[in-house]
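Since the structure comes first, as structure tokens, the remarks are kept for the end.
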RNA sequence: GCCGAAGUAGCUCAGCGGAAGAGCAGCUCACUCGUAAUGAGCAGGUCGUGGGUUCGAGUCCCACCUUCGGCUCCA
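Numbering (our numbering), first residue to last: 17 to 593.
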């Protein structure tokens, strides 16, 4: 879709939002309007209505919209002076519009009229209401006026509109597809993990989920070892004093879990840095050790507002694939290049080829000197340029302790997720008085780089599950092959074949249930097992397996040894799904 | 935390004031089977938790918990 198409679609949706507002106004005369823009997949409008709108009333609203569309009013643009606009919306009792006008003083005001409905709006709009051919109301949500928790909450109705019936249905199909590959649903269907009221936002990983988890983590360790990282493990529960010193008490208290043993207070770590700092301080360090790359798959706990928890995407207990790098200021650039290349290698291997990179710069509230920030930010940008990575600048979005690079990956449904991050930390080395001995024999303060590739391992697995719709590439599949004996007559041969796979470290299962072959195949397909190996009297006689691939169906047959070596090669290659 | 919705068998869901239901999964039995569902039978639920209204409550009301769609937040 080009830019012009997308502008036309926005116009259509924006007009549909007006029609919806008009319809709501007819059905709920006491409504006061918030705002109603077009958004990525449709539109919404915020309403202040005393009674609760429920989805059951969508049909009624949609019918009213159909009527308005059938009336085919033109969208008429009018320019008003500020005072005329204020008079108009005061007459209409539209308090929120008046508030918006406050911010538009001295500007020319445009309003659009559609039949008897008038709205403060820049436009553009369609020429006539009759041009809206296909729309649907989708969902309902509360939304704070101007996104401010302190302000009243309005009722937001989401809908979507398309140029024709067919595209609307296409979109609804896509939504359905996304629903089918929802990691929460697949997590249940594929028996990967579960969530329980006893531990809100803290997933229980089931055996198959653990295999998936460990496959990713083992690969992660392999790559990190190869790139000179050493791994540590530090405690989850650490004393209060540490959190005071780190600044988390002041900046992060609301998200922390606290425990008390007698008089002594502890907290569950919400971040891994203080642990690695204690490790660092345990011995004296020389500049010769730098860059010192310390990795930690550290479990952190963060209290979240109850309404925000969401499957594996937003949890309260998770593992960060963390690493902290201690280095000299002049090593920053090279180190960033190295880390960026590591992160992108990991993404490529697990199957994400599309990504975006952002640099977040100095926020309003920050620590350290402006010069340090500018040097550091320039170093980040220089490093990305050197690595040949395109990036955007995210003004003022850095952490209070330093600028950062964020990596966003795009999944197979083109949805974007922020995962990796590289952060320069000006705060911790000073707070904890970190030192190294330089070539001059004097003590200096090291630079600390904080980085993660996956972000939260749990969340990353959720993204992977949806990306692959549960049909993982062989190297990540919880069960890589299942042997399906045609009948009990082939059981002996089948279990012999199984043992040979097991001996080669392949994750294999034998389906020895007394069921028909069709039934076993159906089960294995539903479980999205990559290889189904059918064995009957024919195979037993020839010493082969008949191969059925999850995606391609029947795929010939092969000798057991030959097939094992093919599978081992495919696993080792980490080929995509 | 806020707005709205939902929680009934392992799963998906029906029942919405008057004796707890279906399909799938599970178990038992029969069938020994060649590339996406063999048949029959059995078993399975203090209807999220706690209060209340009622002669009577999955069903109505209140509170809490969890989940879902958003807001806000964020790895």
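All C-beta atoms, glycine included, are put in the ideal place defined by N, C-alpha and C.
No experiment lies behind these values; they were computed from the predicted model shown.
Query	Result
Whole-angstrom C-beta distance between residue 591 and residue 489, which should lie under 8 Å	6 Å
Where residue 146 falls: helix, strand or coil (DSSP)	helix
Near the ligand PLP: residue 79 beta-carbon under 7 Å from a heavy atom	Of the ligands one can find in the structure shown there are none, so the ligand PLP has no counterpart to examine.
As assigned by DSSP and simplified to three states, the class of residue 480	helix
Cβ-based burial, residue 332 [other Cβ within 10 Å; buried from 16]	buried
Validate contact between the stretch 336 to 350 and the stretch 367 to 374 using beta carbons, cut 8 Å, 3 pairs	no
Endpoints, alpha helix (DSSP H) assigned at residue 262	256 to 262
Buried/exposed call for residue 219, threshold 16 Cβ in 10 Å	buried
Length of the line joining the Cα atoms of residue 604 and residue 464	Within the shown structure, residues of the chain are numbered from 17 to 593, placing residue 604 beyond reach of any answer.
Residue 135 versus residue 170 - alpha carbon distance	17 Å
Boundaries of the beta strand (DSSP E) in which residue 287 is found, first to last residue	Per DSSP, residue 287 belongs to no beta strand (DSSP E) and is neither H nor E.
Cβ-Cβ distance between residue 419 and residue 377 below 8 Å	yes
Residue 340, enclosing beta strand (DSSP E) - first and last residue	333 to 343
For residue 460 and residue 196, the rounded distance between their alpha carbons	55 Å
DSSP state of residue 541 mapped onto helix, strand, coil	helix
Residue 65 versus residue 112: straight-line alpha-carbon distance, rounded	13 Å
Between the CA atoms of residue 434 and residue 315 - distance to the nearest angstrom	19 Å
Residues of its chain near residue 143, where Cβ-Cβ distance is below 7 Å and the 5 sequence neighbours each way are ignored	90, 91
Start and end residues, beta strand (DSSP E) containing residue 272	Unbroken run through residue 272: none, as it is neither H nor E.
Residue 474 versus residue 551: straight-line alpha-carbon distance, rounded	37 Å
Cutoff 8 Å; reference residue 530; Cβ partners in own chain excluding five residues on either side	504
Endpoints, alpha helix (DSSP H) assigned at residue 352	348 to 366
Under the three-state DSSP convention, the category residue 88 falls into	coil
Helix, strand or coil at residue 230 [DSSP, three-state]	helix
Collapsed DSSP secondary structure at residue 83 in the structure displayed	helix
Rounded separation between residue 80 and residue 361 - CA only	54 Å
Residue 134, DSSP secondary structure in three states	strand
Sequence ranges, beta strand (DSSP E) only - wholly within the stretch 152 to 231, length at least 3	169 to 178
Local conformation of residue 60 per DSSP, three classes	strand
Straight-line gap, residue 25 to residue 189 (C-alpha atoms, nearest Å)	19 Å
Residue 250 to residue 557 span [Cα, whole Å]	56 Å
Three-state secondary structure (DSSP) of residue 420	strand
For residue 441, the residue or residues it bridges with in DSSP	464
In DSSP terms, what residue 501 is bridged to	551
Residue 522, DSSP secondary structure in three states	coil
Element boundaries [alpha helix (DSSP H), containing residue 22]	19 to 43
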